[in-house]
Amino acid sequence: MRVIVVDLLSKVYHTSRGKTVEAVREASFEVAAGEILGLLGPNGAGKTTLLRMLGTIITPTSGEIVIDGRPSSTKPDDARRKIGFLSGNTKLYGRLTGRELLRYFGRLYGMDDGAIGARTQELIARLGMQEFVDRRCDTFSTGQTQRVSIARVILHDPLILILDEPTLGLDIMSSRTILDFIRAAKQRGHSIIFSTHYMTEAEALCDRIALMHQGRILALGAPSELLARTGQRDLQNAFLALVGEEAGAA
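First residue of the sequence shown? That's 3 in our numbering, and the numbers climb one at a time after it.
This is the structure we're talking about:
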């Protein structure tokens, strides 16, 4: 079942100096239920812009996004209810405890207090937050902040998870907790798109990978397919080979 369909999606910015910047250029792909799609590429490749368009945070210049059978442009609020979006610069309210913050966002999602409490307890256990969830958010480490941030965006059990660099800056134990959670979400049937700089992370986690460079998806496929296509042994060298191919064709 295709949960996300992206067709020729583009985003163009016009600078104050009159220049045109094509942040994303005609991206097309699909994501099924229970599938993890990874976005790989250097800084400035267009990954975050693409994710923000999928999350209905910014409006595409052209192209279409279909969420669960309906174009997100027609009823963006309905699309947002089906999405949990974790931005790379997510902030928490420092004066609230982790539990209070989840209660606050649960009410924004329209959940009743009983459902919020039950779901909060489930996520505390699943993300290993027992030791700090009742402390104020401004006392959290980077890893603790990220765990509460993820709990916040999935509290309403969305169909789709969009995660922008979910393990960036985390220690090994925190990263493992987040990655284990993503694997479990896949098993529960969620459709997941996430960006990362870590090639080994993507190889271990993703069903398919989109390699992005200068706003374009250079290649899309299973890790094994991308390696076979380029004749390389790892994704880093596969990516470099594809960039070289594009430069040679230009």
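C-beta: ideal position from N, C-alpha, C; glycine also.
C-alpha gap between residue i and residue j, whole angstroms
i              : j              : result
asparagine 239 : glycine 145    : 30 Å
serine 197     : glutamine 216  : 15 Å
tyrosine 200   : aspartate 182  : 16 Å
isoleucine 211 : glycine 96     : 36 Å
proline 160    : glycine 86     : 6 Å
aspartate 173  : leucine 244    : 31 Å
serine 177     : glycine 171    : 9 Å
alanine 117    : glycine 108    : 9 Å
arginine 3     : isoleucine 162 : A quick correction: the sequence has methionine, not arginine, at residue 3. Roughly 13 Å separates the two Cα atoms.
threonine 58   : alanine 81     : 8 Å
tyrosine 106   : glycine 191    : 26 Å
glutamate 102  : serine 143     : 18 Å
histidine 158  : glutamate 227  : 35 Å
isoleucine 195 : alanine 120    : 26 Å
Under 8 Å between C-beta atoms of residue i and residue j
i             : j             : result
lysine 84     : isoleucine 60 : no
valine 8      : serine 30     : yes
serine 12     : serine 74     : no
methionine 55 : isoleucine 38 : no
leucine 52    : leucine 42    : no
alanine 35    : serine 193    : yes
threonine 50  : aspartate 166 : yes
arginine 218  : arginine 27   : yes
leucine 110   : cysteine 139  : no
Cβ neighbours of residue i in the same chain (closer than 8 Å, five flanking residues each side left out)
i           : result
alanine 153 : Gly100, Leu104, Thr122, Leu125, Ile126, Leu129 and Met131
6 Å Cβ shell around residue i - same chain, five flanking residues per side excluded
i              : result
isoleucine 180 : Pro168 and Thr169
leucine 229    : Ala240
threonine 232  : Ala240 and Ala243
leucine 10     : Glu28, Ser30 and Gly65
Proximal residues to residue i (C-beta, below 7 Å), its chain only, five neighbours per side dropped
i             : result
glutamate 205 : Pro225 and Leu237
valine 5      : Val33, Ala34, Ala35, Asp70, Leu161, Ile162 and Ser193
glycine 48    : Ala25, Val26, Met214 and Gly217
proline 78    : Thr58
Residue i at chain B interface by Cβ criterion, 8 Å
i          : result
serine 151 : The structure shown contains no chain B, having only a single protein chain.
May I ask you to verify whether the segment 7 to 24 touches the segment 178 to 189, counting CB pairs closer than 8 Å and requiring at least 3?
-> The segment 7 to 24 vs the segment 178 to 189: no contact.
Could you tell me whether the segment 131 to 138 touches the segment 75 to 92, using the rule of 3 or more Cβ pairs below 8 Å?
-> With the rule of 3 Cβ pairs closer than 8 Å, the segment 131 to 138 does not count as touching the segment 75 to 92.
Jot down the residue ranges of each uninterrupted beta strand (DSSP E) in the segment 169 to 245, minimum 3 residues, whole runs only, in chain order.
-> For the segment 169 to 245, whole beta strand (DSSP E) runs of length 3 or above, ordered along the chain, are 193 to 198, 210 to 215 and 218 to 223.
Counting only runs that start and end within the segment 30 to 116, where is the alpha helix (DSSP H) found for 4 or more residues in a row?
-> DSSP runs (the alpha helix (DSSP H)) wholly in the segment 30 to 116: 49 to 56, 78 to 83 and 100 to 110.
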